[in-house]
Structure formats: structure tokens, C-alpha cells
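Read through the structure below, which is laid out as C-alpha cells, and then see the notes.
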Amino acid sequence: MIALLLRDLRLAIRAGGGFGLGLAFFLIVTVLVPFGVGPEGGTLAKIAPGILWVGALLACLLSLDRIFALDFEDGSLDLLATAPIPLEAVVTMKAAAHWLTTGLPLVVAAPVFGVLLNLQGEGFFWLTVSLALGTPALSVIGTFGAALTVGLKRGGLLLSLLVLPLYVPTLIFGAETVRRGTEGMETGAPLMLLAGITAASVALLPFASAAAIRVNLR
Amino acid sequence: MSIWEYANPKKFMQTSAWALPWVTGLAVVALVGGLIWGFFFTPDDYKQGSTVKIIYIHVPSAMMAINAWVMMLVASLIWIIRRHHVSALAAKAAAPIGMTMTLIALFTGAIWGQPMWGTWWAWDPRLTSFLILFLFYLGYIALWEAIDDPDTAADLTSVLCLVGSVFALLSRYAVNFWNQGLHQEASLSMDAEENVADVFWYPLLVCIAGFVLLFVTLVLIRTRTEIRSRRLKALEARERMA
Amino acid sequence: MNAHLTVTDLAIRRGGIPVLEGVSFTLQPGRALVLRGPNGVGKTTLLRTLAGLQPPLAGTISMPPDAIAYSGHADGLKATLSVTENLSFWAAIYGTGGFAPVLEAMNLEALQGRLAGSLSAGQKRRLGLARLLVSGRPIWMLDEPTVSLDAASVALFAQAVRAHLAGGGAALMATHIDLGIAEAEVLDLAPFKARPSTAGGNAGGRGREFDEAFA
Chain A
0 MIALLLRDLR
10 LAIRAGGGFG
20 LGLAFFLIVT
30 VLVPFGVGPE
40 GGTLAKIAPG
50 ILWVGALLAC
60 LLSLDRIFAL
70 DFEDGSLDLL
80 ATAPIPLEAV
90 VTMKAAAHWL
100 TTGLPLVVAA
110 PVFGVLLNLQ
120 GEGFFWLTVS
130 LALGTPALSV
140 IGTFGAALTV
150 GLKRGGLLLS
160 LLVLPLYVPT
170 LIFGAETVRR
180 GTEGMETGAP
190 LMLLAGITAA
200 SVALLPFASA
210 AAIRVNLR
Chain B
0 MSIWEYANPK
10 KFMQTSAWAL
20 PWVTGLAVVA
30 LVGGLIWGFF
40 FTPDDYKQGS
50 TVKIIYIHVP
60 SAMMAINAWV
70 MMLVASLIWI
80 IRRHHVSALA
90 AKAAAPIGMT
100 MTLIALFTGA
110 IWGQPMWGTW
120 WAWDPRLTSF
130 LILFLFYLGY
140 IALWEAIDDP
150 DTAADLTSVL
160 CLVGSVFALL
170 SRYAVNFWNQ
180 GLHQEASLSM
190 DAEENVADVF
200 WYPLLVCIAG
210 FVLLFVTLVL
220 IRTRTEIRSR
230 RLKALEARER
240 MA
Chain C
0 MNAHLTVTDL
10 AIRRGGIPVL
20 EGVSFTLQPG
30 RALVLRGPNG
40 VGKTTLLRTL
50 AGLQPPLAGT
60 ISMPPDAIAY
70 SGHADGLKAT
80 LSVTENLSFW
90 AAIYGTGGFA
100 PVLEAMNLEA
110 LQGRLAGSLS
120 AGQKRRLGLA
130 RLLVSGRPIW
140 MLDEPTVSLD
150 AASVALFAQA
160 VRAHLAGGGA
170 ALMATHIDLG
180 IAEAEVLDLA
190 PFKARPSTAG
200 GNAGGRGREF
210 DEAFA
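Residue numbers (numbering that gives the first Met the number 0), protein chains in the order written: chain A, 0 to 217; chain B, 0 to 241; chain C, 0 to 214.
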């Protein structure tokens, strides 16, 4: 299982893209927003938590279709499905690799981008914490979407359509945590709920994803 | 004889052919009766005037929007557990109807909301939840359309429906948490006196019955169409093999 | 290792349509079975069904658990990983140790450090087959294993199969060319082609897996 994770990480680094693309996209979204809403610091500070969360979410979405597509094309997925490790574990490792190459860099970079959007005071701390807790859920939910669409020719757009509604609760609780944190309010409740969604998704969704892959391979 | 007999396509076709005219007739009677009663024979509300009468479309369609999804969930579970084709096809047939009901609820809500709240749209929890429900319908239907093999499509959409149901509930809760809104509390409960006066309550019940019957009628028709199209494919396949 | 495979009255489908039915055979340890038949008869589908990638329509497959190493049309190689990295990954997945003897058996030693993407088609195929040796599984299921191999490589491959059989393994191959393996029997799949009349045999009652229930 660890071998699978290492292989995926190695592939992501060798092929470039993996780390860079999501981050670059996140940066561009962050840069474009002030052009859209104006440079006024107060406005930016007010919308920064939401924009940063939406940006991170879209950056996550960008690389989802690569999770299984390459392995499906070159036959690795067939071979992994007949290998001694359970498909649920394969799916979990795939999600973990996606998080390490996409989610984790976003968590690290988000505070820096927060400066660009005039994020205030406590916000930096809560942004990092909420993203660290929430992005694993984004990867796991996204892996489920990727598993549903793995065999399809034009899966990319459909994947977004399927995954985005599933992202709603994570986004709400994540952005709410940062917003409350910025305003110096209690953040316990949304943070707990966010952690709950992540824990439940990580625990349960791999079964659904593995089932979807089995259906798609037959 | 068990209820699973109806999972046989032929049996389902026979029974539904017999039931369809009756259900259709009842739906028409209930809808026409309920709507005429509601629109022309109930007094105007002392605050809301005649705009309140949109309730006879708004409330039943909103109820059916949710009920259709629940029906799809049940049908998906039956497909996953017992693998009855008719069940999967019924879920497929119900989706566009549920989506249309969601749209009707959203539009009539906007038309009602404009004079009442002074805005077509507000990010109120109820409204937002329905918008999210609409997105779920959209994804579900798109997935059915995208997959060629009918059994694969049935399997994958069933899994999506299951997972989607959980996330739709979560979203409902999250949206409540996110914004307490201006929508009034549910207009209906068993304790009718607390909510809507009797004069509005009875025609509303008839309209709801009408919408339920309309839903059943449309699902039956669409399921029959799906079965026929599968039958066509099966016959073509048989010809190819021969 | 136990490489005993028994297939009884198997029916399989492709894209919802039955392609083969009544397939029965036994594969003993130390033996090889070559599947023959025209294109589209269902060789690949049969192998995928036996490998557990899709459920059979009817019939039984009995074999020891975790016995099969499957090799499809694609080799499952990663172009940006080296030959060694590709092999050591599969060795780790199958929980088997050294792959040095495998490199030697498949004549890949000289290519060890090369990226799989820079190999020729035949070299890639050899690497894909090396994965079978690494898997340590007793029953090999090979779908057109000799595609894009030159004569020398085919001989090398036949030698590897023979060594596998001699070690008590078994092999099931879909191939058109004669590998010169004495232990191999041939199974022609053409007589097992599914007929529409019998395909709907279980259409009554709950109308199970096949669309025939709708007809």
C-alpha cells in the first residue's frame, strides 16, 4: 500500500504538473479576484475567507480526473484490481496521494495568498487549520467522483458537475470557520463539523469509490 | 404472490397498462378540482392578497421535489440489493420529473417572494437547499446520460444517489447553520390550525394529492417508455446474435 | 503452489450481451491451455471474467484464492518510471522479494535504469511479462502475450512459460501463434458461442442479469 502511495507521488513529481498546476491555479484565482471586485482593502478583507476557500476547492477539482484516468488507460487499474491489496485500500492511497500533491501545498500556500487578499489577524491561523482539516475531505470526495467517471470519454466536465454539489457542506463549514475566526468569534462548532465531515468521508467513501471502480472495470 | 412479481418487466407492463388510465384520470380530477377550488373559491389573505394562491402550486411541487428524490433513493436501493431492472428504470424515469418539480418550486417561490419580501431571490436556507437539490438532480441525470451500458449506468447512478442523499442532507444542515433565513416555517403540519386556516387547507390537500397522482402517472409513463426502449435493444441484440 | 483451475458450464457476457456459454475445462498444474477462436469470440472477456474483473452470467469457477496473475492488452507500465522502479512497485504490491532473477530471465538487465517510456514496444512487452514472474502467482492469464515481440523474444517468453509450468504453475493464454510449448493444449472457443434461444433461459421470474427479460 505504501508502495502505491510512493509510486503515485513519484509519478506526480516526475510528470511535473502535480504540485505546480493546482497551486498556480490557486494563485491566479487569488490575483484575479481584486481585479474583479476592486482594490479596496476592507472589501477584500471581508471576502478573503470565502475566496480563499473557493479557490482552494477549485484548485483541488482541477487535478481530480487524473487520479484514475492514467491508470485506467495503461491497464494498471486492471492489474491493481486483481492484485492482493483490496480495492478500497487502493482508492484510499490514491486519495492520499492526491491530497499530498494538491491539498497539502494549498494548505501551506494559502496564508501567503491570504496576504494578497488582506486577510486579517486571526484569519491566517484559522485558514490554515480549516484547510488542513477540510482538504482531505475534498480529495476523498473527489476520488469518489473520479471513480464514477473513470471509464467515460468526456468525464472531465461531468466530474465537476457531480463533485461540486458534494463539496457544499465542506465549503460552508470551512469558510465559516475562517470568517468567524477573522471576526474573533467562537470557531469551535464549524471546525468540529468540518472535522466530522472529513472523518466520515475518509472512513466511508472509499467503499463507494471501490464499488464504482469495480463496476467501471467490468 | 409477492410484490417482487412486479419487478418482472412483462408483469409490470401489464399491471401498469391497466392502472395508468385510472391514475391519470384521478390526477386530472384532483389537479383541476384542487386548483379551481384554490384559485377561485377561497378568500384573499388579509395581508398577502391574492398572491397567496400560488401556494397551491408552490407547496405541492416543493413536496414532490423532495419525495421524488426519496423515491429514487428507495428504487436505487432495491436495484443494488435485489437487482430488479424495473426498479433502476423507475429511478431513471423519476429524475427529470423531480428536477422539474424543483424548478417549479423555485420559480413559483421567486414569483411569490417578489411581492412579499421585495426580492426574487435570497440566499435563504430553504431556497438554497432547493437550489442544491436541483444541482444533485442535474448530476444524477447527466451521469445516466453519459454511460452507454444500461446496467453500468444503473449501478453507478445508484451509488451516486446513495452518497448524494447523505450529502444532500448534510448540505441542508450546513445551509441552516450558514444562514438563518426569511422563509416562513413549513406551512403544513398535522396541527393545521396553527398554520394555514381551514379554507386554504382543504383545497391545498386536494392539490397535493393531485401532484402526487401526477407524479405517479408521469413515472409510470416514463418507466414504460424506458422498458420499451430496453426491449428494443434486447431484440436488436438477439437479432445480431442469430 | 496449487494451480488447479476448474471451470464448469461458464457463461459470460460483454456489454450486456452473452458471448460464450457452456464453457467447461480443467487446467492442471504444470499444464498450459491456449484459447483459440476468431476475433470477437470472447477470449479477452473470458480471461477478464476468470481474473475476477467481471462477474460470470452463469456457471462456476473453482480455484485457490489469490492464484491468478492477469496480463491484459496493456502492460500497466509507467512511462516516467525506470524499469527497476516499475518492477519493484509490483514486487511490493504482490509482497514478493527480489526481482533480480526476473530481470535476467527476461533479458532486461541492460535496460534497468532506462525509463519505461523510452523502451521499444517489444522491450515494454517483456517488462510487462516480467511483472508476471514477480507476482509469484501460480496461474498466469495472458491476453495476446506475444504481440510486438520478435522471434528471439517469443522464444524467451516461451522459455519463461515453460519454466513456470515446470515449477508447478499453469498458464491460460489467448494467442494466435504457436509458441512451441509441448505441454500446451488448445481450446477452441467457437463452439461455445452463445445462442439467443438459450440465453433467455433464466428470463422468467425475476428477470435476472440479461436484457432478454425485456424481450
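All C-beta atoms in this analysis are idealised placements derived from N, C-alpha and C, irrespective of residue type, glycine included.
- Counting C-beta atoms within 10 angstroms of its own C-beta, residue 153 of chain A has fewer than 16 neighbours from the protein chains shown and is therefore classed as exposed.
- Among the residues of the region 104-123 of chain A, none has a Cβ less than 7 Å away from any Cβ of chain B.
- A residue is called buried when at least 16 other Cβ atoms come within 10 angstroms of its Cβ; residue 59 of chain C does not meet this threshold and is exposed.
- In the DSSP annotation of this structure, the continuous segment of the alpha helix (DSSP H) that includes residue 206 of chain A starts and ends at 187-216.
- Of all residues in the region 149-176 of chain B, only 149, 150 place a beta-carbon less than 7 Å from a beta-carbon of chain C.
- Around the Cβ of residue 231 of chain B, a 10 Å sphere holds fewer than 16 other Cβ atoms; the residue is exposed.
- When Cβ pairs closer than 8 Å are counted between the two stretches, the region 144-158 of chain C is seen not to touch the region 14-31 of chain C, the count staying below three.
- Residue state for residue 232 of chain B is assigned as helix, using DSSP reduced to three classes.
- Within 9 Å of the CB of residue 214 of chain A, the CB atoms of chain B belong to 150, 151, 154, 155, 158, in sequence order along the chain.
- Check the Cα spacing between residue 67 of chain C and each of C:81, C:40, C:49, C:92: the tightest is with C:49.
- The C-beta of residue 125 of chain A has 16 or more other C-beta atoms within 10 Å across all chains shown, which makes the residue buried.
- Between residue 138 of chain B and chain A, the shortest Cβ-Cβ separation is below 9 Å.
- Taking a C-beta distance under 9 Å as the contact criterion, residue 75 of chain C and residue 70 of chain A qualify as a contact pair.
- Distance from the CA of residue 50 of chain B to the CA of residue 207 of chain A, rounded to the nearest whole angstrom, comes to 46 Å.
- Here residue 24 of chain C carries a strand assignment [DSSP, helix/strand/coil].
- Proximity of residue 14 of chain C to chain B, defined by a Cβ-Cβ separation below 9 Å, is satisfied.
- For residue 135 of chain B, the chain A residues whose C-beta falls within less than 7 Å of its own C-beta are 164, listed in chain order.
- Annotation for residue 83 of chain C: the continuous alpha helix (DSSP H) segment containing it runs 82-93.
- Here residue 139 of chain C carries a strand assignment [DSSP, helix/strand/coil].
- Inclusion of residue 106 of chain A and residue 130 of chain A in the CB contact set at 9 Å is warranted, their separation being smaller than that value.
- DSSP places residue 61 of chain C inside the beta strand (DSSP E), whose first and last residues are 57-61.
- Non-local beta-carbon contacts of residue 176 of chain B in its own chain, meaning distances under 8 Å to residues more than five positions away in sequence, are absent.
- Take residue 187 of chain C, set aside five residues on each side of it, and the residues of its chain with a beta-carbon closer than 7 Å to its own are 35, 36, in chain order.
- Note on residue 175 of chain A: 16 or more other CB atoms within 10 angstroms of its CB, so buried under the neighbour-count rule.
- A straight-line Cα-Cα distance of about 39 Å links residue 43 of chain C and residue 166 of chain B.
- It is roughly 26 Å from the alpha-carbon of residue 29 of chain B to the alpha-carbon of residue 112 of chain B.
- According to the DSSP assignment, residue 176 of chain A belongs to the alpha helix (DSSP H) that extends over 154-181.
- By the Cβ test, the region 116-128 of chain C is not in contact with the region 43-53 of chain A, since fewer than three Cβ pairs between them sit closer than 8 Å.
- What residue 72 of chain A touches in chain B, judged by beta-carbon distance under 7 Å, is nothing: the nearest beta carbon there is about 18 Å away.
- Residue nearest to residue 204 of chain B within the set B:31, B:130, B:94 is B:31 (criterion: CA-CA distance).
- Here residue 62 of chain C is buried: its Cβ has 16 or more other Cβ atoms, across all protein chains shown, within 10 Å.
- Within the region 64-123 of chain A, the runs of alpha helix (DSSP H) at least 4 residues long that lie entirely inside it are, in chain order, 65-72, 75-80, 86-97, 103-115.
- For the region 88-99 of chain C, the set of residues with a beta-carbon nearer than 7 Å to any beta-carbon of chain A comprises 88, 91, 92, 93, 94, in chain order.
- Beta-bridge partners of residue 187 of chain C (DSSP): C:35.
- Taken through DSSP and simplified to helix, strand or coil, residue 172 of chain C comes out as strand.
- Note on geometry: alpha-carbon atoms of residue 163 of chain C and residue 29 of chain C lie some 8 Å from one another.
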